[in-house]
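Read the structure below first, then the notes.
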Amino acid sequence: MADFVFIRKSRNTLSSFLHVILNIILAVGSIYITFITGNPLPGLLLVLLSKWRMFAVRPRYWFLNLKSNLVDIIVGASFVLIAYCTGTKFMPMHVILSILYTLWLVVLKPKSNELATNLQALSAVFFGTTALVLLTATLDSAVLLVGSFIIGYGAARHVLVQGNSHNYELVMLLAGLVTAEVAWLCHAWLIVYSFAGTGIVIPQLSIILVILSYVFGFIYRSITKNENKVNWQEIIIPIIFSASLITIIVIWFSKPIFNI
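Its first residue numbered 178, the sequence shown is counted upward by one per residue in our numbering.
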């Protein structure tokens, strides 16, 4: 019996080790194949292949599995697309993207507590909208609007489903619409903060949407906790702080190195 337990633990350890190694290969490989080829399709294909379990069921479950894995797909695809937009000249940004994607796959993604779930959703919002803003420089603005709706919807669904909420379909649609609306308001003046020589770019829109997403989630949790009643004393400080922060960003930090 003791030998059986030892063998089982050894197999679990080996399995976990191999899982980490494969995730590192996926993170590094998807970024560098995009950098080397100058084409995002191979990297995106690797991200989709890593989600093969979504399709290892009957076709009628594919759409449900797609929604369940939406945040992971958004984050993975975003890293690949950001690497593509960074260009084929090697930049520190390529290394940063590889490290961040590795941390996502190995550290953050496997966790399921409330804090981790919220961070996962906010990561999808930040990196997803960053990729969309960079792509919008060469693509139609409709890509930004549709993509923003999907990101907002997926991030909200990720949090609400993990939190065992039930009547969340309307909330998810509302989150998607608000995200798309903010993106539409900002698309005529897409501010991008750039750090020369590194390839790092941070869209102002991404920062604003992360702040709004956090407040949106905080308000929803407060209402749910108080039996669908608004407790203004509980939510007024986060609302004022977030509104002030967004105002400061828009008024005093809207003179970037470049804007697209």
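Where a beta carbon is used, it is the ideal one built from N, C-alpha and C, also for glycine. Source: prediction; values computed, not measured.
Can you give me the C-alpha to C-alpha distance between residue i and residue j, rounded to a whole angstrom?
i    : j    : result
I198 : S399 : 40 Å
H335 : N295 : 8 Å
N246 : L351 : 20 Å
V248 : A301 : 6 Å
W281 : F304 : 12 Å
H364 : E411 : 33 Å
A420 : L218 : 39 Å
Y238 : G220 : 25 Å
F372 : M270 : 10 Å
L322 : S255 : 16 Å
Y370 : N408 : 37 Å
T401 : I213 : 48 Å
Which word fits residue i, buried or exposed, when buried means at least 16 other C-beta atoms lie within 10 angstroms of its C-beta?
i    : result
Q381 : buried
V320 : exposed
L316 : exposed
S390 : buried
L203 : buried
T375 : exposed
F267 : exposed
L311 : buried
Contact defined as beta carbons within less than 8 Å: I believe residue i pairs with residue j. What is the distance between those atoms, to the nearest angstrom?
i    : j    : result
I250 : A308 : With a Cβ gap of about 12 Å, I250 and A308 do not count as contacting.
I377 : V359 : About 23 Å separates the two Cβ atoms, so there is no contact after all.
L285 : V387 : At roughly 15 Å, the Cβ-Cβ gap does not stay under 8 Å, so L285 and V387 are not in contact.
V252 : N242 : Between N242 and V252 the Cβ distance is about 17 Å, and since that is not below 8 Å, they are no contact.
I368 : S289 : Going by Cβ atoms, the distance from I368 to S289 rounds to 35 Å, so no, they are not a contact pair.
State yes or no: is the C-beta of residue i within less than 8 Å of the C-beta of residue j?
i    : j    : result
I210 : T279 : no
Y345 : L354 : no
V224 : S275 : no
S207 : V257 : yes
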